[in-house]
DNA sequence: TATTTTCTTGATAAGTCGGTCGTGATAAGG
DNA sequence: CCTTATCACGACCGACTTATCAAGAAAATA
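Chains as they are written, first to last, in this note's numbering: chain A, 1416 to 1591; chain B, 1416 to 1591.
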């Protein structure tokens, strides 16, 4: 599956939520409610974002999480690399260890171009751009604002559904 | 990780190998040797490619596998969808179920464009283009030809290495 | 200092993916 | 018909990802 890990998706949503909430300390519980991410798991994601220096945590009464840098300094690539490691967008589409210009896999040239393009876009898109899109589209992360909570608690079961569908595809059924 | 599944990478390599071998029935064992894919697992991959109609299998003495269609009619997208299902390149980068123009996730617009681009390229790249690249680059799949077997048995441990590296990144170490 | 709040972190579990093995089915040739 | 070569396919395993829960540590406040 050519896509980010679900954990990475969670991280992007959580950071966007923090940005929407604008500067104040936000509880893990609030982020979970706002984004629909299961709270216990979100805690772990937030923790690893803390370790990677993208957000800061404050324990105890009136604590919570906040962005560690200005929103325009947090790109989607930063998030992807914080979660999935430096090779969040791997060099070889097929996963070969020694795929290089001299010893290329069949998709090497195509992917080299495509990868650059994807990385450039992920680098360009920061939390600010993301928030702009949201405002233009009137989408759901706006529900982080106290006065606008009609969209809250929207769950994200896409990956699960897809995965189920896929395994049905692959092993079950049509064994003509 | 923004990349194809390892199984899908295997499938592409196996099909390229079949194409290189040009028409004749090729044993699973030969494909495994030529590509470096572990043979028992390759058998499963080949089996599912057979079910999805990309290759044909022949049992018994002098059996093996062969492409089911002309090489220029097998695109990388065909392979990806055969292995990972119709949503091999998912509609929402973050894995949201109800991500649509009206109710978009923060990355919806970017990904809509990017996804089209990726799919178009995967659709354009068939086994023929792949083989052309190989010939130009003088790369290893040529070892499928009997007279050119110096590159055979090259293993592909990239994904494994990356995954190890990643988990070291994520949980072990630097818990400052 | 005691209490409350909140993040931290380890134990645990289910599901999927990558990988192995062995048995059964089937095709060709003697 | 028997043997041999080969794919088909189910059982199984370990690792990783996603997810849950609960006990522990730290910070603020009374």
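All C-beta atoms, glycine included, are put in the ideal place defined by N, C-alpha and C.
Determine, using beta carbons only, whether residue i and residue j come nearer to each other than 8 Å.
i                       : j                       : result
residue 1510 of chain B : residue 1418 of chain A : yes
residue 1501 of chain B : residue 1469 of chain B : no
residue 1440 of chain B : residue 1475 of chain B : no
residue 1542 of chain B : residue 1434 of chain B : yes
residue 1431 of chain A : residue 1546 of chain A : yes
Closest to residue i by C-alpha separation, out of the options, would be which residue?
i                       : options                        : result
residue 1416 of chain A : B:1530, B:1464, B:1470, B:1440 : B:1530
residue 1490 of chain A : A:1544, A:1503, A:1550         : A:1544
residue 1487 of chain A : A:1420, A:1437, A:1421         : A:1437
What are the boundary residues of the beta strand (DSSP E) that includes residue i?
i                       : result
residue 1468 of chain B : Note, residue 1468 of chain B: premise wrong, no beta strand (DSSP E); not H, not E.
residue 1481 of chain B : 1479-1482
Please work out which residues of its chain come closer than 8 Å, Cβ to Cβ, to residue i, disregarding the five sequence neighbours upstream and downstream, and give them in chain order.
i                       : result
residue 1514 of chain A : 1506, 1507, 1520, 1523
residue 1425 of chain A : 1450, 1452, 1456, 1457, 1460
residue 1512 of chain A : none
residue 1528 of chain A : none
residue 1585 of chain A : Confidence in residue 1585 of chain A is poor, its pLDDT being 32 and thus under 50, which makes the residue's placement too unreliable to answer from.
Starting from residue i and walking both ways along the alpha helix (DSSP H), at which residues does that stretch end?
i                       : result
residue 1535 of chain A : 1523-1539
residue 1507 of chain B : No alpha helix (DSSP H) contains residue 1507 of chain B, which DSSP labels as neither H nor E.
residue 1425 of chain A : 1421-1436
residue 1491 of chain A : 1491-1499
residue 1518 of chain B : From DSSP, residue 1518 of chain B is part of no alpha helix (DSSP H); its letter is neither H nor E.
residue 1449 of chain B : 1443-1450
Near residue i, what residues of its chain come up, given a Cβ to Cβ distance below 6 Å and the 5 sequence neighbours on each side ignored?
i                       : result
residue 1526 of chain A : 1508
residue 1560 of chain A : Per-residue confidence for residue 1560 of chain A stands at a pLDDT of 45, beneath the threshold of 50, marking its modelled position as unreliable; no derived number is given.
residue 1472 of chain B : 1465, 1480
residue 1581 of chain A : In this prediction, residue 1581 of chain A has a pLDDT of 31, which is less than 50 and means its spatial position is unreliable; what the coordinates show is noted afterwards. The answer is none, since no qualifying residue turns up.
Using a Cβ-Cβ cut-off of 7 Å (strictly less than) and excluding sequence neighbours within five positions of residue i, which residues of its own chain qualify?
i                       : result
residue 1454 of chain B : 1443, 1444, 1447
residue 1423 of chain A : 1494, 1495, 1498, 1499
residue 1427 of chain A : 1491, 1494
residue 1467 of chain B : 1497
Check whether the segment 1452-1459 of chain B touches the segment 1482-1494 of chain B, taking contact to mean three or more Cβ pairs, one atom from each stretch, closer than 8 Å.
In short, these stretches do not touch, since the Cβ pair count stays below three.
Within 8 Å, do at least three Cβ pairs link the segment 1533-1540 of chain A to the segment 1507-1524 of chain A?
No: fewer than three Cβ pairs fall under 8 Å.
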